[in-house]
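Trainee: From first to last, the protein sequence lines are chains A and B.
Under my numbering, the first sequence has 195 at position 73, and the numbering climbs by one with no breaks.
Under my numbering, the second sequence has 329 at position 207, and the numbering climbs by one with no breaks.
2 protein chains.
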Amino acid sequence: MTIKAIVFDAYGTLFDVQSVAAITEETFPGYGDIITQIWRIKQLEYSWLRSLMGRYADFSTITRESLAYALRCLGLTHDVATFDRIMAKYLHLDLYPDANATLTALKDRKLAILSNGSSDMLNALVRNSGLDRVLDATISIDAKRMFKPHPDAYSLIEERLGTPPADVLFVSSNPWDACGAKAYGLTVAWIERVTPEAMALECVKSDVVTPLTMFKALRMQMDELGLVPDHRIRALSDLPKLVAAS
Amino acid sequence: MTIKAIVFDAYGTLFDVQSVAAITEETFPGYGDIITQIWRIKQLEYSWLRSLMGRYADFSTITRESLAYALRCLGLTHDVATFDRIMAKYLHLDLYPDANATLTALKDRKLAILSNGSSDMLNALVRNSGLDRVLDATISIDAKRMFKPHPDAYSLIEERLGTPPADVLFVSSNPWDACGAKAYGLTVAWIERVTPEAMALECVKSDVVTPLTMFKALRMQMDELGLVPDHRIRALSDLPKLVAAS
Numbered sequence: 123m124t125i126k127a128i129v130f131d132a133y134g135t136l137f138d139v140q141s142v143a144a145i146t147e148e149t150f151p152g153y154g155d156i157i158t159q160i161w162r163i164k165q166l167e168y169s170w171l172r173s174l175m176g177r178y179a180d181f182s183t184i185t186r187e188s189l190a191y192a193l194r195c196l197g198l199t200h201d202v203a204t205f206d207r208i209m210a211k212y213l214h215l216d217l218y219p220d221a222n223a224t225l226t227a228l229k230d231r232k233l234a235i236l237s238n239g240s241s242d243m244l245n246a247l248v249r250n251s252g253l254d255r256v257l258d259a260t261i262s263i264d265a266k267r268m269f270k271p272h273p274d275a276y277s278l279i280e281e282r283l284g285t286p287p288a289d290v291l292f293v294s295s296n297p298w299d300a301c302g303a304k305a306y307g308l309t310v311a312w313i314e315r316v317t318p319e320a321m322a323l324e325c326v327k328s329d330v331v332t333p334l335t336m337f338k339a340l341r342m343q344m345d346e347l348g349l350v351p352d353h354r355i356r357a358l359s360d361l362p363k364l365v366a367a368s
Numbered sequence: 123m124t125i126k127a128i129v130f131d132a133y134g135t136l137f138d139v140q141s142v143a144a145i146t147e148e149t150f151p152g153y154g155d156i157i158t159q160i161w162r163i164k165q166l167e168y169s170w171l172r173s174l175m176g177r178y179a180d181f182s183t184i185t186r187e188s189l190a191y192a193l194r195c196l197g198l199t200h201d202v203a204t205f206d207r208i209m210a211k212y213l214h215l216d217l218y219p220d221a222n223a224t225l226t227a228l229k230d231r232k233l234a235i236l237s238n239g240s241s242d243m244l245n246a247l248v249r250n251s252g253l254d255r256v257l258d259a260t261i262s263i264d265a266k267r268m269f270k271p272h273p274d275a276y277s278l279i280e281e282r283l284g285t286p287p288a289d290v291l292f293v294s295s296n297p298w299d300a301c302g303a304k305a306y307g308l309t310v311a312w313i314e315r316v317t318p319e320a321m322a323l324e325c326v327k328s329d330v331v332t333p334l335t336m337f338k339a340l341r342m343q344m345d346e347l348g349l350v351p352d353h354r355i356r357a358l359s360d361l362p363k364l365v366a367a368s
């Protein structure tokens with residue numbers, strides 16, 4: 123294939139959603155990790171459920187609602203200022219350490235983000251991280267009012283970049299997103315940050331697990347959806363070699 | 123309202139999906155609980171993801187795929203016979219202890235199941251549990267090739283029973299299902315088997331949780347989807363009084 127554009131998922135792929143754990147732990151000592159995991163799992167669920175119910179709300183709303191859920195189900199009371207301070211971290215998520223160098227190395231192709239995030243969230247995130255210097259486009263699914271993995275969401279790549287699916291490499295660490303992109307007809311590189319072997323070792327006992335282990339078990343292993351990504355890589359930094367060889 | 127028909131969700135509402143834990147624990151000692159929880163969480167995710175991707179597969183397939191996922195991510199090897207033996211339990215799930223008496227007490231209304239399960243699975247389950255004696259209809263969403271909470275799934279109630287949404291009481295313990303039914307326009311009774319207070323007490327520490335606690339946190343608290351069920355009850359046995367008062 124000729125890769126003319128490389129399109130990245132944002133949350134969990136370029137940006138580390140686990141990086142909210144510092145602020146949740148600081149705000150609610152002892153609960154940082156479990157808040158972070160329940161928040162992320164419900165955030166994704168709500169994006170799928172609202173899409174299915176035909177009750178779209180933008181990702182900013184969904185992110186607030188899923189945080190509210192996490193705090194409520196843990197019995198953690200809070201005021202508006204505390205809530206907003208945690209939410210603000212979502213506009214300042216940490217980049218994965220290899221994100222900047224990888225994007226810079228790929229600069230001879232068209233580079234974009236396609237994300238469930240609302241335009242406001244994504245633009246702030248990209249500006250705050252400095253990625254606006256290397257990206258050609260930041261595409262929010264907001265225009266379609268359907269979250270990934272609905273095909274309408276992926277159709278925005280061709281609409282916005284003018285690059286047909288056959289010339290696009292889509293990169294995501296989210297298994298469901300890699301499958302959705304594959305189902306749509308994109309070439310897909312899935313970032314497998316936790317191997318099955320490492321995962322199995324973490325789950326040697328079932329009576330207790332850490333919330334992060336449960337999250338990894340639920341969200342970081344390739345899903346059984348009858349779809350297989352074209353490439354499995356271990357980190358963003360594996361991409362330049364893969365692209366050069368394609 | 124005049125309640126002419128009472129329609130029940132099956133998995134988690136009439137039938138205890140946690141009752142697979144005995145066979146998973148017997149088969150993989152020490153792993154029974156975590157297999158059960160990952161299996162159920164992924165089963166639901168796959169129903170939503172496949173609906174969104176436009177890649178419908180029936181619930182029997184999804185149930186197999188989610189079990190395969192759970193075993194793989196825990197590093198548990200198995201042969202076909204073992205796998206099939208665990209799967210077979212899904213056709214023999216335990217009824218909640220108050221299910222039979224509740225349905226019998228409500229027998230003067232039309233009684234039905236509306237479930238994500240495939241027709242084959244549901245018919246076997248209903249027959250094996252003896253519920254066929256009290257139910258007027260067992261409706262699978264299979265005919266629509268869209269899982270709940272998509273509106274097409276709930277539209278089957280009127281299609282099959284001839285009862286308009288205004289005359290239906292829909293009963294589910296699954297928060298996302300209660301919300302989906304409410305969004306569609308049904309009157310909804312949500313069974314809150316775990317109160318927020320009990321949940322918060324279980325999650326007093328975030329460094330370790332049991333898989334079952336994580337499941338309850340993710341799946342048994344009312345979701346933040348901008349929808350509120352008409353009734354909150356604590357058990358199926360609360361229904362006859364609620365229906366009599368309506």
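C-beta atoms are modelled at their ideal positions from N, C-alpha and C, and glycine is treated no differently.
Just tell me which of B:Ile355, B:Ala357, B:Glu346 and B:Ala311 has its CA closest to the CA of Ile125 (chain B).
Mentor: In the second sequence, residue 125 (chain B) corresponds to position 3, counting from 1. Of the listed residues, the one whose Cα sits closest to Ile125 (chain B) is B:Ala311.
Trainee: Using a beta-carbon distance below 8 Å, is Val370 (chain B) in contact with chain A?
Mentor: An answer regarding residue 370 (chain B) cannot be provided, because it is not within the stretch 123 to 368 covered by chain B.
Trainee: Output, in chain order, the set of chain A residues within a Cβ distance shorter than 9 Å of Pro273 (chain B).
Mentor: If you number the second sequence from 1, residue 273 (chain B) lands on position 151. Per Cβ cutoff of 9 Å: Leu174, Met175 and Gly176.
Trainee: In the structure shown, what three-state DSSP assignment does Phe150 (chain A) receive?
Mentor: Here residue 150 (chain A) refers to the residue found at position 28 of the first sequence. Here Phe150 (chain A) sits in coil by DSSP.
Trainee: In the DSSP assignment, the alpha helix (DSSP H) including Leu225 (chain A) goes from what residue to what residue?
Mentor: Position 103 of the first sequence holds residue 225 (chain A). Residues Ala221 to Ala227.
Trainee: List in chain order: all unbroken alpha helix (DSSP H) runs of 4+ residues lying wholly within the segment 124-186 of chain B.
Mentor: For the segment 124-186 of chain B, whole alpha helix (DSSP H) runs of length 4 or above, ordered along the chain, are 143-149 and 154-175.
Trainee: Which term fits Val139 (chain B), buried or exposed, when burial requires 16 or more other beta carbons within 10 angstroms of its beta carbon?
Mentor: Taking the first residue of the second sequence as position 1, residue 139 (chain B) is located at position 17. It is buried - the Cβ of Val139 (chain B) has at least 16 other Cβ atoms within 10 Å.
Trainee: For Ser169 (chain B) versus Phe181 (chain B), is the C-beta spacing smaller than 8 Å?
Mentor: Within the second sequence, the letter at position 47 stands for residue 169 (chain B). Within the second sequence, the letter at position 59 stands for residue 181 (chain B). In contact: Ser169 (chain B) and Phe181 (chain B) (Cβ atoms closer than 8 Å).
Trainee: Looking at C-alpha atoms only, which residue of B:Glu167, B:Ala203, B:Leu291 and B:Ile156 is the closest neighbour of Ser100 (chain B)?
Mentor: Because chain B in this structure spans residues 123 to 368, residue 100 (chain B) falls outside the shown range and cannot be described.
Trainee: With which residues is Trp298 (chain A) paired in a DSSP beta bridge?
Mentor: Here residue 298 (chain A) refers to the residue found at position 176 when the first sequence is read from its first residue. Trp298 (chain A) pairs with nothing; no bridge assigned.
Trainee: Can you find the residues in the same chain that come closer than 7 Å, C-beta to C-beta, to Ala192 (chain B), ignoring five residues on each side of it along the sequence?
Mentor: The count along the second sequence starts at 1 and reaches residue 192 (chain B) at position 70. Taken in chain order, the residues that qualify are Ile157, Ile160, Trp161 and Lys164.
Trainee: I'd like to know whether the C-beta of Tyr191 (chain A) is nearer than 8 Å to at least one C-beta of chain B.
Mentor: Translated into positions along the first sequence, residue 191 (chain A) becomes position 69. It does; some Cβ of chain B falls within 8 Å.
Trainee: Among the candidates A:Leu323, A:Asp274, A:Thr226 and A:Arg231, whose CA atom is the shortest distance from the CA of Cys195 (chain B)?
Mentor: Locating residue 195 (chain B) in the second sequence gives position 73, where the first residue counts as 1. Comparing Cα positions, the closest option is A:Leu323.
Trainee: For His200 (chain A), collect the residues of the same chain with a Cβ closer than 7 Å to its Cβ; drop the 5 residues on either side in sequence, then sort them by chain order.
Mentor: Locating residue 200 (chain A) in the first sequence gives position 78, where the first residue counts as 1. Counting only Cβ-Cβ distances below 7 Å, and skipping sequence neighbours, we find Leu193.
Trainee: Our contact map puts Met243 (chain B) next to Leu213 (chain B) with C-beta atoms below 8 Å; I'd like the distance itself, whole angstroms only.
Mentor: On the second sequence, position 121 is the one that residue 243 (chain B) refers to. On the second sequence, position 91 is the one that residue 213 (chain B) refers to. With 8 Å as the limit, Met243 (chain B) and Leu213 (chain B) qualify as a contact, their Cβ atoms being about 6 Å apart.
Trainee: Starting from Val331 (chain B), follow its DSSP beta bridges and name the residues at the other end.
Mentor: Here residue 331 (chain B) is taken as the residue at index 209 of the second sequence, counted from 1. The partner list for Val331 (chain B) (beta bridge, DSSP) reads A:Val331.
Trainee: Check the DSSP bridge columns for Leu323 (chain B) and list the partner residues they point to.
Mentor: Position 201 of the second sequence, counting from 1, holds the residue named residue 323 (chain B). None, per the DSSP bridge assignment.
Trainee: Pairing CB atoms from the segment 332-342 of chain A with CB atoms from the segment 247-265 of chain B, are three or more of them under 8 Å?
Mentor: They do not touch, by the three-pair rule.
Trainee: Looking at the secondary structure, which residues open and close the beta strand (DSSP E) in which Leu198 (chain B) lies?
Mentor: Locating residue 198 (chain B) in the second sequence gives position 76, counting from the first residue. Taken as a continuous stretch (DSSP letters only), Leu198 (chain B) belongs to no beta strand (DSSP E), as it is neither H nor E.
Trainee: Starting from the Cα of His353 (chain A), find the closest Cα among A:Ile184, A:Asp220, A:Thr183 and A:Phe292 and give me that residue.
Mentor: As a first step, residue 353 (chain A) must be located in the first sequence, where it is residue number 231. When each option's Cα is compared against that of His353 (chain A), the closest is A:Phe292.
Trainee: Phe292 (chain B) by DSSP, collapsed to three states: which one?
Mentor: Translated into the one-based positions of the second sequence, residue 292 (chain B) becomes position 170. Looking at Phe292 (chain B) - three-state DSSP - the assignment turns out to be strand.
Trainee: Measure the C-alpha to C-alpha separation of Gly152 (chain A) and Phe150 (chain B) and round it to an integer number of angstroms.
Mentor: Taking the first sequence and counting its residues from 1, the one referred to as residue 152 (chain A) is at position 30. Taking the second sequence and counting its residues from 1, the one referred to as residue 150 (chain B) is at position 28. Spanning the two alpha carbons is a distance of roughly 32 Å.
Trainee: Would you mind working out which of B:Glu148, B:Phe205 and B:Ser237 sits nearest Ala303 (chain B), comparing C-alpha positions?
Mentor: Translated into the one-based positions of the second sequence, residue 303 (chain B) becomes position 181. Comparing alpha carbon positions, the residue from B:Glu148, B:Phe205 and B:Ser237 closest to Ala303 (chain B) is B:Ser237.
Trainee: Answer yes or no: do Val331 (chain B) and Val316 (chain A) have a C-beta to C-beta separation smaller than 8 Å?
Mentor: Locating residue 331 (chain B) in the second sequence gives position 209, where the first residue counts as 1. Locating residue 316 (chain A) in the first sequence gives position 194, where the first residue counts as 1. No, the pair does not count as a contact, with Cβ atoms beyond the cut-off.
Trainee: To the nearest angstrom, how far is the alpha carbon of Ala190 (chain B) from that of Leu198 (chain A)?
Mentor: Translated into the one-based positions of the second sequence, residue 190 (chain B) becomes position 68. Translated into the one-based positions of the first sequence, residue 198 (chain A) becomes position 76. Using only the alpha carbons, I get a separation of about 36 Å.
Trainee: Rounded to a whole number of angstroms, what is the C-alpha to C-alpha distance between Lys270 (chain A) and Ile128 (chain A)?
Mentor: The residue given as residue 270 (chain A) occupies position 148 in the first sequence. The residue given as residue 128 (chain A) occupies position 6 in the first sequence. About 17 Å.
Trainee: With which residues is Val310 (chain B) paired in a DSSP beta bridge?
Mentor: In the second sequence, residue 310 (chain B) corresponds to position 188, counting from 1. Note: Val310 (chain B) sits in a beta bridge opposite B:Phe292.
Trainee: When burial is assigned at 16 or more other CB atoms within 10 Å of the CB, is Thr224 (chain B) buried or exposed?
Mentor: Residue 224 (chain B) sits at position 102 when you count from the first residue of the second sequence. Thr224 (chain B) is buried by the Cβ-count criterion.
Trainee: So which residues of chain B does Pro351 (chain A) contact, with C-beta pairs closer than 9 Å?
Mentor: Position 229 of the first sequence, counted from the start, is the residue given in the question as residue 351 (chain A). Result: empty, since nearest Cβ-Cβ is about 14 Å, beyond 9 Å.
Trainee: If the cut-off is 9 Å on Cβ atoms, which residues from the segment 295-321 of chain A count as contacting chain B, listed in chain order?
Mentor: Trp298, Cys301, Gly302, Ala305, Tyr306, Pro318, Glu319 and Met321
Trainee: Given a threshold of 16 other Cβ atoms within 10 Å of its Cβ, counted over all protein chains shown, does Gly134 (chain A) qualify as buried or as exposed?
Mentor: The residue given as residue 134 (chain A) occupies position 12 in the first sequence. Per the 10 Å Cβ criterion, buried.
Trainee: For Arg354 (chain B), report the span of its beta strand (DSSP E) as first-last.
Mentor: Reading the second sequence from its first residue, position 232 is the one you call residue 354 (chain B). Run containing Arg354 (chain B): His353 to Ile355, per the beta strand (DSSP E) assignment.
Trainee: According to DSSP, is Thr204 (chain A) part of a helix, a strand, or is it coil?
Mentor: One-based indexing of the first sequence puts residue 204 (chain A) at position 82. In the structure shown, Thr204 (chain A) sits in a helix (DSSP, three-state: H, G or I).
Trainee: Is Ala234 (chain B) closer than 8 Å to Asp264 (chain B) when the C-beta atoms are compared?
Mentor: Translated into positions along the second sequence, residue 264 (chain B) becomes position 142. Translated into positions along the second sequence, residue 234 (chain B) becomes position 112. The answer is no: Cβ separation not under 8 Å.
Trainee: Specify, as a first and last residue, the run of the alpha helix (DSSP H) that Leu361 (chain A) falls within.
Mentor: For the purposes of this step, residue 361 (chain A) is taken as the residue at position 239 of the first sequence. From DSSP, the alpha helix (DSSP H) with Leu361 (chain A) extends over Leu361 to Ala367.
Trainee: Is there a Cβ from chain B that is less than 8 Å from the Cβ of Met336 (chain A)?
Mentor: For this step, residue 336 (chain A) is matched to residue 214 along the first sequence. Yes, because at least one Cβ of chain B sits closer than 8 Å to the Cβ of Met336 (chain A).
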